[in-house]
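Undergrad: Here it is: the structure, laid out below.
2 protein chains.
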Amino acid sequence: MLGEIIAIGDELTSGRINNTTSSFAAHHLFEAGFDIYAMHTIGDTPELIGEALKRALNRVDFVLVTGGLGPTDDDLTTEAVSKALNRPTMPNLEILSLIRQHLEKNSSQSASSLDKLAWLPEGAETLNPQSKMAGFQLIHGDKPVFFLPGIPHQMRTLLIEQVLPRLSTWYNGKQLTSIQRVYKIFGKSESEINHKIVQLDLGDDVTIGYYPVFPDVHLSMIIRGSDRKITQALAKESSRRIKDKLGSFIYGKDRESMASVVGSLLARQNKTFAVAESCTGGLVSHLITSVAGSSDYYLGGVTTYANSMKHTYLGVENELLDRVGAVSHEVAEAMALGMREKSKADISISITGIAGPGGGSVEKPVGTVFIGLSHRSDTVVHHCNFSGTRYEIQHLTAQTALNLVREHLLL
Amino acid sequence: MLGEIIAIGDELTSGRINNTTSSFAAHHLFEAGFDIYAMHTIGDTPELIGEALKRALNRVDFVLVTGGLGPTDDDLTTEAVSKALNRPTMPNLEILSLIRQHLEKNSSQSASSLDKLAWLPEGAETLNPQSKMAGFQLIHGDKPVFFLPGIPHQMRTLLIEQVLPRLSTWYNGKQLTSIQRVYKIFGKSESEINHKIVQLDLGDDVTIGYYPVFPDVHLSMIIRGSDRKITQALAKESSRRIKDKLGSFIYGKDRESMASVVGSLLARQNKTFAVAESCTGGLVSHLITSVAGSSDYYLGGVTTYANSMKHTYLGVENELLDRVGAVSHEVAEAMALGMREKSKADISISITGIAGPGGGSVEKPVGTVFIGLSHRSDTVVHHCNFSGTRYEIQHLTAQTALNLVREHLLL
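Protein sequence lines correspond, in order, to chains A and B.
Mapping to this note's numbering: the first sequence position 81 is 81, numbers consecutive.
Mapping to this note's numbering: the second sequence position 286 is 697, numbers consecutive.
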């Protein structure tokens with residue numbers, strides 16, 4: 001049960017509009033048990049439309065075509081299909097009568113351009129004419145071909161309400177069950193994770209993919225089978241083995257983020273949290289407060305870029321700053337402690353480092369970062385050496401700091 | 412000068428990841444004067460990769476391939492290309508030595524999987540090995556083929572810095588002079604800007620495009636012509652007229668951001684800056700410190716999510732908080748003043764509001780925000796009503812606050 005998706009429109013090939021409909025369709029078709037062999041985006045060029053459709057019909061079981069169904073001169077899909085599949089266009093009487101009704105109420109529009117919408121290739125069955133959305137189905141050589149409008153919300157509605165139910169009837173007996181999980185991993189590279197997972201030998205029915213989504217790696221597990229119960233059992237067992245193997249390097253799954261996971265742990269343990277940042281400049285605070293409801297556990301934070309601010313807001317002694325420098329174990333410790341005590345938070349973290357591109361030295365190169373974590377009974381400082389651009393160092397530092405809080409809360 | 416784009420990855424054909432890189436590439440290639448004949452998205456299937464590449468080479472002048480260059484088992488692009496174009500893979504010594512250096516520092520990683528990155532098809536020229544990004548160029552039958560990583564920020568960097576300059580040399584003789592400017596606009600909608608620019612009647616040689624890049628709108632002006640001097644003169648004259656028409660709604664151009672523009676103004680006027688945030692949770696501070704060199708003018712900030720923090724760190728009276736509430740004109744004023752006086756900054760801003768989705772009321776609905784701006788001689792509070800998601804309200808607020816600082820510094 002393999003399909004192809006063809007998206008049509010000059011606005012797509014010029015990059016003026018981001019094609020979101022093809023991914024949407026692929027995602028929902030995939031979830032429904034269909035595989036996508038390829039997706040194509042082409043301009044409003046009749047020859048290319050015909051060629052792409054004929055090639056797809058030769059190699060897959062169904063085709064979804066989006067775009068180019070409107071009333072204007074640059075909408076050429078119907079004509080192109082008619083020519084390529086040798087099916088002359090005919091007027092569809094139901095659509096024609098709807099257009100007539102519409103024109104009676106809106107006399108300003110010219111009839112001729114709208115009439116175009118009623119002329120469909122021979123054998124076409126309209127998907128939902130009452131909805132006033134273009135869209136039809138053709139059965140060509142026993143293979144269903146769906147034509148949907150390119151307008152995203154119309155395409156989405158017709159895909160879900162018309163195409164998926166029709167396709168599932170079409171392939172009724174043969175449908176497979178498919179289960180997908182995404183695990184989010186921080187602190188291990190794609191190849192290290194791959195190396196560990198390969199050892200598990202999960203079998204042919206389990207497809208594993210690795211996707212670096214900086215600064216994380218996402219591991220996707222997909223399981224397909226003809227029997228629903230067996231597939232579910234295999235998914236459960238494979239999940240358990242992956243989680244055992246990667247341990248706490250997996251910080252969350254599916255839609256969770258590091259900040260939302262830390263937030264849930266804080267809320268569950270009824271603990272409050274505060275952050276003192278220097279080189280990350282408010283990024284940690286921003287990530288935490290991107291989560292709705294974070295005011296339940298997050299008191300706030302201080303970004304002390306200048307040394308004078310570290311003294312004024314966190315009580316770091318000027319003598320200490322002069323002696324060891326702002327980027328140091330001692331200052332990180334004093335920042336974390338000062339933040340926790342003054343804010344009265346249960347847990348605080350502090351960050352001081354050099355994000356670059358300037359400011360590095362031989363002893364403390366760009367990427368040197370100290371992260372302090374203070375709680376009731378202790379204050380611990382971690383020394384990290386990151387590499388990358390300013391953006392990368394800031395984001396690696398923020399994710400590492402949040403991960404330290406997560407690990408502390410899991411103890 | 413016609414090209415095709417091929418994006419590779421099972422994560423794309425399953426719709427798990429939205430393919431944004433192809434549109435990005437199409438857009439920038441189009442702006443640079445190249446047309447895109449078709450874009451394809453296919454899974455990590457060697458036969459299909461080879462077939463798509465060979466077909467593209469038969470009908471267009473250049474091909475861009477993204478994805479599948481990583482070190483793991485499911486990265487199959489290089490192998491597929493090697494087979495399809497009959498170019499055996501060979502080790503690239505420069506990349507091999509970089510991998511060896513990397514492994515010396517990170518001994519935990521297995522060498523064998525990374526070594527894969529150094530084996531490239533015969534004749535491949537790496538794009539920028541020092542950047543540690545995969546990516547190479549092949550010349551096949553006089554046609555350039557570019558292979559870029561699928562990771563969006565790497566792909567974008569290599570496209571802009573390597574592919575576009577190489578392509579423009581390649582087609583040297585035939586190329587037209589083309590000048591592009593991007594103006595960044597905040598506070599006017601796409602249609603308002605369009606309405607104003609249409610009145611200018613800039614002529615057929617000037618192509619104007621509008622791209623909403625939340626929370627801004629970007630206006631792109633492209634001028635193409637065969638004579639370099641005439642094109643440059645037209646660009647200069649058109650720029651002047653656009654800037655006259657839109658005035659200070661244009662906050663910057665090309666690679667500038669609101670934070671970098673504010674930063675430049677602060678640096679030039681030798682003024683220091685501090686920020687007290689509530690509902691934006693550190694976002695303003697993060698935006699400012701994303702700019703390299705921001706420590707020259709940015710002292711730091713405070714994120715006071717809890718009321719207790721507003722009292723402790725900004726000196727806002729508890730009585731005031733009880734009487735008028737944290738989201739109020741009076742508290743915004745007290746926060747800005749407290750921030751400036753305690754930090755000794757020349758200028759401070761304060762933000763207090765309701766980002767949602769919870770926390771709204773009839774008197775103060777979600778999106779109610781007060782922004783204070785304090786400088787030596789005055790403290791002014793602006794009352795805003797934003798709408799949108801939590802993400803949108805936070806980003807609109809942050810951009811508005813920075814824009815208020817910009818307008819103040821321009822006075």
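Glycine included, each C-beta is placed from N, C-alpha and C at the ideal position.
Computed from a predicted structure; not experimentally measured.
Please classify A:His40 as buried or exposed, where buried requires at least 16 other C-beta atoms within 10 Å of its C-beta.
TA: Counting from 1 along the first sequence, the entry for residue 40 of chain A is found at position 40. Buried: at least 16 other Cβ atoms inside 10 Å.
Undergrad: Would the beta-carbon of B:Val617 fall within 8 Å of that of B:Ile641?
TA: The residue labelled residue 617 of chain B in the question sits at position 206 within the second sequence. The residue labelled residue 641 of chain B in the question sits at position 230 within the second sequence. No.
Undergrad: Taking 8 Å as the cut-off, decide whether the C-beta atoms of A:Ala345 and A:Leu299 are in contact.
TA: By 1-based counting over the first sequence, the position of residue 345 of chain A is 345. By 1-based counting over the first sequence, the position of residue 299 of chain A is 299. Closer than 8 Å, so yes.
Undergrad: Have a look at B:Val713 and B:Ala687 and give me their C-alpha separation to the nearest angstrom.
TA: Position 302 of the second sequence holds residue 713 of chain B. Position 276 of the second sequence holds residue 687 of chain B. Roughly 5 Å between the two C-alpha positions.
Undergrad: From A:Leu287, A:Thr13, A:Pro212 and A:Ile8, pick the residue whose C-alpha is nearest to that of B:Ile416; which is it?
TA: Your numbering for residue 416 of chain B matches position 5 in the second sequence. Cα-wise, what sits closest to B:Ile416 is A:Thr13.
Undergrad: Rounded to a whole number of angstroms, what is the C-alpha to C-alpha distance between A:Ser294 and B:Gly799?
TA: Taking the first sequence and counting its residues from 1, the one referred to as residue 294 of chain A is at position 294. Taking the second sequence and counting its residues from 1, the one referred to as residue 799 of chain B is at position 388. Their backbone Cα atoms lie some 18 Å apart in a straight line.
Undergrad: Just the chain B side, please: which residues come within less than 8 Å of A:Pro357 by C-beta, in chain order?
TA: In the first sequence, the residue the question calls residue 357 of chain A occupies position 357. The contacting residues are Ala703.
Undergrad: Out of A:Ala306, A:Phe30 and A:Thr66, which has the shortest C-alpha to C-alpha gap to A:Asp10?
TA: Residue numbering aside, residue 10 of chain A sits at position 10 when the first sequence is read from its first letter. Minimum Cα distance to A:Asp10 is reached at A:Thr66.
Undergrad: Is it buried or exposed, B:Asn583, if we count other Cβ atoms within 10 angstroms and call 16 or more buried?
TA: Locating residue 583 of chain B in the second sequence gives position 172, where the first residue counts as 1. With a pLDDT of 43 at B:Asn583, under the threshold of 50, the modelled position of this residue cannot be trusted, and the question is left open.
Undergrad: Which residues in the same chain as A:Phe136 place their Cβ atom closer than 7 Å to its Cβ, once the five residues preceding and following it in sequence are excluded?
TA: Residue mapping note: residue 136 of chain A aligns to position 136 of the first sequence, counting from 1. Cβ within range, chain order: Leu120, Ala124, Glu125, Thr126, Leu127 and Phe147.
Undergrad: Throw me the rounded Cβ distance for the A:Thr368 and A:Ala326 pair, which I believe falls under 8 Å.
TA: Working through the first sequence from its first residue, we reach residue 368 of chain A at position 368. Working through the first sequence from its first residue, we reach residue 326 of chain A at position 326. Going by Cβ atoms, the distance from A:Thr368 to A:Ala326 rounds to 11 Å, so no, they are not a contact pair.
Undergrad: Using the rule of at least 16 other Cβ atoms within 10 Å of the residue's Cβ for burial, across every protein chain shown, is A:Gln269 buried or exposed?
TA: Reading the first sequence from its first residue, position 269 is the one you call residue 269 of chain A. So A:Gln269 counts as exposed.
Undergrad: How about B:Met566: is its C-beta nearer than 8 Å to some C-beta of chain A?
TA: Locating residue 566 of chain B in the second sequence gives position 155, where the first residue counts as 1. It does not: the Cβ of B:Met566 has no partner Cβ on chain A nearer than 8 Å.
Undergrad: Check whether the Cβ of A:Gly338 lies closer than 8 Å to any Cβ atom in chain B.
TA: As a position in the first sequence, residue 338 of chain A is number 338, starting the count at 1. By this cut-off, A:Gly338 is not an interface position.
Undergrad: Are at least three pairs of beta-carbons, each pair with one atom in the stretch 27 to 47 of chain A and one in the stretch 61 to 78 of chain A, less than 8 Å apart?
TA: In short, these stretches touch, since the Cβ pair count reaches three.
Undergrad: Could you check how far apart the C-beta atoms of B:Phe660 and B:Gly598 are, in whole angstroms? I think they sit under 8 Å.
TA: The residue labelled residue 660 of chain B in the question sits at position 249 within the second sequence. The residue labelled residue 598 of chain B in the question sits at position 187 within the second sequence. Indeed they touch by this definition, with Cβ atoms about 6 Å apart.
Undergrad: Compare the C-beta of B:Tyr594 with all C-beta atoms of chain A and state if any pair is closer than 8 Å.
TA: The residue you call residue 594 of chain B lines up with position 183 of the second sequence. B:Tyr594 does not count as touching chain A.
Undergrad: Just the C-alpha distance for A:Pro88 and A:Val81, rounded to the nearest angstrom, thanks.
TA: Here residue 88 of chain A refers to the residue found at position 88 of the first sequence. Here residue 81 of chain A refers to the residue found at position 81 of the first sequence. One C-alpha to the other measures close to 9 Å.
Undergrad: Should B:Arg801 be labelled buried (16 or more other beta-carbon atoms within 10 Å of its own) or exposed?
TA: Residue numbering aside, residue 801 of chain B sits at position 390 when the second sequence is read from its first letter. Label assigned to B:Arg801: buried.
Undergrad: Compare the C-beta of A:Gln175 with all C-beta atoms of chain B and state if any pair is closer than 8 Å.
TA: One-based indexing of the first sequence puts residue 175 of chain A at position 175. Low local confidence applies: a pLDDT of 49 at A:Gln175 is under 50, so the model's placement there is unreliable, with the coordinate-based value given in what follows. Cβ-Cβ to chain B under 8 Å: no for A:Gln175.
Undergrad: Spatial neighbours of B:Gly692 within its chain, please: CB distance less than 6 Å, with the 5 preceding and 5 following residues excluded, ordered by chain position.
TA: Counting from 1 along the second sequence, the entry for residue 692 of chain B is found at position 281. Hits under 6 Å: Thr714.
Undergrad: Taking Cβ positions only, does A:Ala38 come closer than 8 Å to chain B?
TA: Within the first sequence, residue 38 of chain A is the residue found at index 38, counting from 1. Cβ-Cβ to chain B under 8 Å: yes for A:Ala38.
Undergrad: Report the rounded CA-to-CA distance for A:Gln101 versus A:Met133, giving the unit in angstroms.
TA: By one-based count along the first sequence, residue 101 of chain A stands at place 101. By one-based count along the first sequence, residue 133 of chain A stands at place 133. When rounded, the distance between both Cα atoms is 15 Å.
Undergrad: With DSSP collapsed to three states, give me the class of A:Asp204.
TA: Counted from its first residue, the first sequence places residue 204 of chain A at position 204. Reduced to three states, the DSSP call for A:Asp204 is coil.
Undergrad: Can B:Leu413 and B:Val471 be called in contact, C-beta distance under 8 Å?
TA: Within the second sequence, the letter at position 2 stands for residue 413 of chain B. Within the second sequence, the letter at position 60 stands for residue 471 of chain B. Cβ distance < 8 Å, so B:Leu413 and B:Val471 count as in contact.
Undergrad: Residues of the stretch 320 to 352 of chain A with a CB closer than 8 Å to any CB of chain B: list them in chain order, please.
TA: The stretch 320 to 352 of chain A vs chain B, Cβ under 8 Å: Lys342, Ser343 and Lys344.
Undergrad: Out of curiosity, what's the CA-to-CA distance linking A:Leu266 and A:Met339?
TA: Counted from its first residue, the first sequence places residue 266 of chain A at position 266. Counted from its first residue, the first sequence places residue 339 of chain A at position 339. Going from the Cα of A:Leu266 to the Cα of A:Met339 covers about 17 Å.
Undergrad: Would B:Thr808 pass as a contact of B:Phe797 if the rule is Cβ separation under 8 Å?
TA: Counting from 1 along the second sequence, the entry for residue 808 of chain B is found at position 397. Counting from 1 along the second sequence, the entry for residue 797 of chain B is found at position 386. Their beta carbons are under 8 Å apart, which means B:Thr808 touches B:Phe797 by this criterion.
Undergrad: Put B:Gly584 into one of helix, strand or coil per three-state DSSP.
TA: Residue numbering aside, residue 584 of chain B sits at position 173 when the second sequence is read from its first letter. Interpretation of B:Gly584 is limited by its pLDDT of 40, a score under 50 that renders its predicted location unreliable; no figure is taken from the coordinates.
Undergrad: Answer with yes or no whether the minimum CB distance from B:Met669 to chain A is below 8 Å.
TA: By one-based count along the second sequence, residue 669 of chain B stands at place 258. No, B:Met669 lies away from the interface with chain A (no Cβ there is under 8 Å from its Cβ).
Undergrad: Which residue comes first and which comes last in the beta strand (DSSP E) that contains A:Met90?
TA: The residue labelled residue 90 of chain A in the question sits at position 90 within the first sequence. Where A:Met90 is concerned, the enclosing beta strand (DSSP E) stretches over Thr89 to Pro91.
Undergrad: Is DSSP giving B:Thr714 helix, strand or coil here?
TA: Within the second sequence, the letter at position 303 stands for residue 714 of chain B. The answer is strand: DSSP assigns B:Thr714 an E or B state.
Undergrad: Check whether the Cβ atoms of A:Leu287 and A:Ala259 lie closer than 8 Å to each other.
TA: Walking along the first sequence from the start, residue 287 of chain A turns up at place 287. Walking along the first sequence from the start, residue 259 of chain A turns up at place 259. Going by C-beta atoms, A:Leu287 is nearer than 8 Å to A:Ala259.
Undergrad: Among A:Tyr297, A:Arg181, A:Pro212 and A:Ser278, which one has its Cα closest to the Cα of A:Ala334?
TA: Reading the first sequence from its first residue, position 334 is the one you call residue 334 of chain A. Among A:Tyr297, A:Arg181, A:Pro212 and A:Ser278, the Cα nearest to that of A:Ala334 belongs to A:Ser278.
Undergrad: What does B:Ile562 touch in chain A if you count any residue whose Cβ is under 8 Å from its own?
TA: Position 151 of the second sequence, counting from 1, holds the residue named residue 562 of chain B. Those within 8 Å of B:Ile562 in chain A are Pro212 and Phe214.
Undergrad: For A:Tyr297, I'd like the list of residues in its chain whose CB is within less than 6 Å of its CB, leaving aside the five on either flank, ordered along the chain.
TA: Numbered from 1 along the first sequence, position 297 holds the residue referred to as residue 297 of chain A. Closer than 6 Å at Cβ, skipping near neighbours: Leu266, Ala267, Thr272 and Phe273.
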